[in-house]
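For the sequence shown, the working numbering begins at 8 and goes up steadily by one. Notes follow the structure.
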Amino acid sequence: MFTLFVMITQIGWVQTFDQLEAAGLFTEAAIYYTSFMIIGVFIFAKIIVAVVVSNLVTD
Numbered sequence: 008m009f010t011l012f013v014m015i016t017q018i019g020w021v022q023t024f025d026q027l028e029a030a031g032l033f034t035e036a037a038i039y040y041t042s043f044m045i046i047g048v049f050i051f052a053k054i055i056v057a058v059v060v061s062n063l064v065t066d
C-alpha cells in the first residue's frame, strides 16, 4: 500500500522502480508503473480539482 502511495505522489518512485529492475522485473515493472501512474495520477488530479471547485462553490 505504501508503494502505491509513493507512486501516486511521485516522490521516490524511481528508487522503488530501480529495485524491481535490479530484481530482473523490468518489463513487468514498466507496464505496471506506467499504467498505474497514468490512471492513478489522472484520478488523483480529478479529486483535487473536485475538492477545489467544491470549496469555491460553497464560499
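Think of the CB as a built atom: it goes at the ideal place given N, C-alpha and C, for glycine as much as any other residue. All figures in this text were calculated on a predicted structure; none of them were measured in a lab.
Secondary structure of residue 27 (DSSP, three-state): helix. If the five residues before and after residue 20 are omitted, its C-beta is found closer than 6 Å to the C-beta atoms of 13 and 14, all from its own chain and listed in chain order. The C-alpha of residue 53 is placed about 15 Å away from the C-alpha of residue 63. Excluding sequence positions up to five before and after residue 27, its CB lies within less than 7 Å of the CB of 36, all in the same chain and listed in chain order. One alpha carbon belongs to residue 30, the other to residue 22, and they sit about 13 Å apart.
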